[in-house]
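Here the structure comes first, spelled out in structure tokens, and everything after it is commentary.
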Amino acid sequence: MALQAYPLTRSRSGRALLGLIGVAAFVLLWKYAQSAGWAAAGTIPDPFRLPQALADEWTSGRLMPAVLSSLVHYIWGLAIGTFLGFLIGTLAASSSLVDALHAWLARILRPIPPLAWVVFAIAWFKVSHAGAAFVIAIGVFWVNYFATYSAVRNVDSRFYELARAFGQNGHLRQAFQVTLPGAATGIFSGIRTGIGQAWMTLIAAELLGVPGMGQEMNSAAGVGAYEVVVVYMLIISLVYTLSDTLFGFIEKRVLTWRPS
Numbered sequence: 139m140a141l142q143a144y145p146l147t148r149s150r151s152g153r154a155l156l157g158l159i160g161v162a163a164f165v166l167l168w169k170y171a172q173s174a175g176w177a178a179a180g181t182i183p184d185p186f187r188l189p190q191a192l193a194d195e196w197t198s199g200r201l202m203p204a205v206l207s208s209l210v211h212y213i214w215g216l217a218i219g220t221f222l223g224f225l226i227g228t229l230a231a232s233s234s235l236v237d238a239l240h241a242w243l244a245r246i247l248r249p250i251p252p253l254a255w256v257v258f259a260i261a262w263f264k265v266s267h268a269g270a271a272f273v274i275a276i277g278v279f280w281v282n283y284f285a286t287y288s289a290v291r292n293v294d295s296r297f298y299e300l301a302r303a304f305g306q307n308g309h310l311r312q313a314f315q316v317t318l319p320g321a322a323t324g325i326f327s328g329i330r331t332g333i334g335q336a337w338m339t340l341i342a343a344e345l346l347g348v349p350g351m352g353q354e355m356n357s358a359a360g361v362g363a364y365e366v367v368v369v370y371m372l373i374i375s376l377v378y379t380l381s382d383t384l385f386g387f388i389e390k391r392v393l394t395w396r397p398s
């Protein structure tokens with residue numbers, strides 16, 4: 139079924155205007171829900187008080203330390219999970235022996251949610267950046283593992299035949315000349331998904347005591363300061379948007395050969 143086209147949706151400025159209208163409508167509905175008491179008193183924050191809540195967090199000196207603390211274990215967890223997911227996914231997709239050796243192990247471990255490992259993260263690393271990075275890395279690993287595995291397995295076999303015809307016979311040479319370029323789109327897609335997955339896992343891990351934005355959200359909720367909770371939710375959204383935009387720029391530069 140084809141999407142029905144409207145005049146405003148045909149231009150970038152028109153779509154931006156419609157987006158603003160959508161956000162404004164959401165805020166008005168939010169305000170109405172808060173005023174009408176759709177939930178328990180005080181549990182729906184006033185959207186018009188968010189700027190003041192943001193200013194209070196900034197002037198109190200809590201905002202930037204929380205953001206920077208979250209970024210430490212976010213970056214480490216994202217980097218480790220992405221690298222291991224890419225490496226093991228590539229090996230498993232390229233070698234039937236590696237694939238067979240770990241296939242059952244992957245089926246056993248994959249359904250276990252990253253947060254189930256929080257108990258061991260605390261036992262092994264205490265409440266620390268390392269523990270949070272460990273939990274994040276697990277969630278990011280599986281995203282990148284399956285994306286890489288699928289991308290490498292789906293590289294057209296005719297590319298390898300063509301490479302051999304031109305004398306590219308070594309496994310390592312074919313990996314860099316055929317496999318990685320052919321699987322690049324799928325691999326980058328997995329990395330981009332992992333960027334978002336890392337934030338979801340990070341905040342949940344921080345709710346258990348690791349310093350960062352999640353801990354600040356938990357503390358604010360404990361005293362009923364739900365405007366502060368929403369402020370940190372929006373900061374997370376902003377940081378994710380910036381990181382996703384940056385990665386999109388890098389992806390576009392690396393995959394310059396890909397059709398638009």
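Residues in the sequence shown are numbered consecutively from 139, following our numbering.
All C-beta atoms in this analysis are idealised placements derived from N, C-alpha and C, irrespective of residue type, glycine included.
### Task
Evaluate Y170 with the Cβ neighbour count: other Cβ atoms within 10 Å of its Cβ, from every protein chain shown; 16 or more gives buried, anything less gives exposed.
Counted from its first residue, the sequence shown places residue 170 at position 32. Its Cβ having fewer than 16 others within 10 Å, Y170 is exposed.
### Query
Does the Cβ of W337 have 16 or more other Cβ atoms within 10 Å, making it buried, or fewer, making it exposed?
As a first step, residue 337 must be located in the sequence shown, where it is residue number 199. Here W337 is buried, its C-beta having at least 16 other C-beta atoms within 10 Å.
### Task
Evaluate F326 with the Cβ neighbour count: other Cβ atoms within 10 Å of its Cβ, from every protein chain shown; 16 or more gives buried, anything less gives exposed.
Taking the sequence shown and counting its residues from 1, one reaches residue 326 at position 188. With 16 or more Cβ atoms within 10 Å of its Cβ, F326 is classed as buried.
### Message
Looking only at its chain, what residues have a beta carbon closer than 7 Å to the beta carbon of P185, apart from the 5 residues adjacent to it on each side?
### Response
Looking up residue 185 in the sequence shown gives position 47. For P185, where only same-chain residues beyond five positions count, the Cβ hits under 7 Å are V165, W168, K169.
### Task
Quick one: measure Cβ to Cβ for V348 and G269, integer angstroms, because I've assumed they're closer than 8 Å.
Sequence index remark: in the sequence shown, residue 348 carries index 210 (1-based). Sequence index remark: in the sequence shown, residue 269 carries index 131 (1-based). Here V348 really is in contact with G269; their C-beta atoms are around 6 Å apart, less than 8 Å.
### Query
Three-state secondary structure (DSSP) at R153?
As a first step, residue 153 is located in the sequence shown; it is residue number 15 there, counting from the start. Helix, per DSSP.
### Query
Would you report the Cα separation of F258 and L216, rounded to the nearest angstrom?
Taking the sequence shown and counting its residues from 1, one reaches residue 258 at position 120. Taking the sequence shown and counting its residues from 1, one reaches residue 216 at position 78. Approximately 19 Å, taken between the alpha carbons.
### Query
Going by C-alpha distance, which of A154, I182, V273, A342 is nearest W214?
Translated into positions along the sequence shown, residue 214 becomes position 76. Of the candidates A154, I182, V273, A342, the one whose C-alpha sits nearest the C-alpha of W214 is V273.
### Task
Taking the CB atoms as reference points, tell me whether T181 and Y364 lie closer together than 8 Å.
One-based indexing of the sequence shown puts residue 181 at position 43. One-based indexing of the sequence shown puts residue 364 at position 226. Yes.
### Query
Any idea if S398 is buried or exposed, counting beta-carbon neighbours within 10 angstroms, 16 or more meaning buried?
Along the sequence shown, read from residue 1 onward, the residue named residue 398 stands at position 260. Here the model assigns S398 a pLDDT of 49, short of 50, so the residue's position is not dependable, and the following value carries that caveat. Exposed, because fewer than 16 other Cβ atoms sit within 10 Å of the Cβ of S398.
### Task
Say whether the segment 272-290 touches the segment 219-226, bearing in mind that this needs 3 or more beta-carbon pairs closer than 8 Å, one atom from each stretch.
These segments touch.
### Message
Does I276 come out as helix, strand or coil in the three-state DSSP assignment?
### Response
Numbered from its first residue, the sequence shown carries residue 276 at position 138. Three-state DSSP puts I276 in a helix.
### Cβ separation of A322 and L393, assumed to be a contact under 8 Å, to the nearest whole Å
Residue 322 sits at position 184 when you count from the first residue of the sequence shown. Residue 393 sits at position 255 when you count from the first residue of the sequence shown. By a beta-carbon distance limit of 8 Å, A322 contacts L393. Their separation comes to about 6 Å.
### Query
Apart from the five residues just before and just after A140, which ones in its own chain have a Cβ nearer than 7 Å to its Cβ?
The residue labelled residue 140 in the question sits at position 2 within the sequence shown. Reliability of the predicted coordinates at A140 is poor, the pLDDT of 49 falling under 50, and the value obtained from them is presented with this limitation in mind. Excluding positions up to five away in sequence, the list is empty.
### Message
With the cut-off set at 8 Å, would you say A285 and G328 are in Cβ contact?
### Response
Residue 285 sits at position 147 when you count from the first residue of the sequence shown. Residue 328 sits at position 190 when you count from the first residue of the sequence shown. With contacts defined as CB atoms closer than 8 Å, A285 and G328 qualify as a contacting pair.
### Query
Hey, how far is the Cα of G332 from the Cα of Q353?
By 1-based counting over the sequence shown, the position of residue 332 is 194. By 1-based counting over the sequence shown, the position of residue 353 is 215. Approximately 22 Å, taken between the alpha carbons.
### Message
Please identify the residue among S375, D382, V366 whose C-alpha is closest to the C-alpha of R200.
### Response
Counting from one through the sequence shown, the residue named residue 200 turns up at place 62. The residue from S375, D382, V366 with its alpha-carbon nearest to that of R200 is V366.
### Spatial neighbours of F263 in its chain, beta-carbon cut-off 7 Å, leaving aside the 5 residues before and after
The residue labelled residue 263 in the question sits at position 125 within the sequence shown. Taking C-beta separations shorter than 7 Å and ignoring five residues to either side along the sequence, the partners of F263 in its chain run G269, F272, following chain order.
### Query
For W100, does the three-state DSSP call read helix, strand or coil?
Any property of residue 100 remains undetermined from this structure, which presents the chain solely from 139 to 398.
#### Entry: Sequence ranges, beta strand (DSSP E) only - wholly within the segment 170-235, length at least 3
Unbroken beta strand (DSSP E) stretches of 3 residues or longer found wholly inside the segment 170-235: none.
### Task
Measure the alpha-carbon distance for Q172 versus V256 and round it to whole angstroms.
Locating residue 172 in the sequence shown gives position 34, where the first residue counts as 1. Locating residue 256 in the sequence shown gives position 118, where the first residue counts as 1. C-alpha of Q172 to C-alpha of V256: approximately 35 Å in a straight line.
### Task
Verify the CB distance criterion: does I250 have a CB-CB separation below 8 Å to chain B?
Looking for chain B here will not work: only one protein chain is present.
### Query
Distance, Cα to Cα, T379 vs A261?
Taking the sequence shown and counting its residues from 1, one reaches residue 379 at position 241. Taking the sequence shown and counting its residues from 1, one reaches residue 261 at position 123. When rounded, the distance between both Cα atoms is 33 Å.
### Query
What does a CB cutoff of less than 6 Å around E344 pick up in its chain, not counting 5 residues either side in sequence?
In the sequence shown, the residue the question calls residue 344 occupies position 206. Once the five neighbours on either side are set aside, the close Cβ partners of E344 are G350, G352, Q353.
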